[in-house]
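Take a look at the structure set out below.
Numbering (the numbering used here), first residue to last: 516 to 668.
Shown next as structure tokens:
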């Protein structure tokens, strides 16, 4: 029997007593003692159950805290890894931008140098051709002067 049931039985014994004037009741003392003895015997088992429940509760809470701490630690580690990955990505993007900017600057320098080189070669060719053309004209003029002019031509 449970303590609740025994207390109910205790009430029944009190209710079954003989009422006497003056709000007093005569009860069978042996019945009351038997119920009290049963309560005493059952209280330790109820207390043991309660202690077991409290111990189980404490163990469940400890396990839950341990599991929660594990989840939190895993989440923190994942967050750190994600932040580190993001930092690596940012550094890589910055380095890529720097490399692209340097390559574009180098390309502009090389184009300018190539244009200057071609312009210099063209200028020298122009000067050379102009000088040669002058020589050709002088030679032609000299040849014309050396040739007698015929009237039949």
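Quick reminder that beta carbons are idealized off the backbone N, C-alpha and C, glycines included.
Keep in mind that this is a model prediction, so the values were computed, not measured.
- Residue 615 and residue 633 have their C-alpha atoms roughly 27 Å apart.
- Boundaries for residue 654: no beta strand (DSSP E) harbours it, while the alpha helix (DSSP H) harbouring it runs 544–661, taken from the DSSP string.
- Counting of Cβ neighbours within 10 angstroms places residue 521 among the buried residues, the total reaching 16 or more.
- In this structure residue 518 touches residue 561 by the C-beta definition: roughly 5 Å separates them, less than 8 Å.
- Judged by their CB atoms, residue 535 and residue 541 are nearer to each other than the 9 Å cut-off.
- Residue 553 is positioned such that its CB atom lies closer than 9 Å to that of residue 524.
- According to DSSP, residue pairing for residue 540 in a beta bridge involves 534.
- With contacts defined as CB atoms closer than 9 Å, residue 516 and residue 578 fail to qualify as a contacting pair.
- Setting aside the 5 residues that flank it on each side, residue 532 is surrounded in the same chain by 540, 541, 542, each with a C-beta closer than 6 Å to its C-beta; the list follows chain order.
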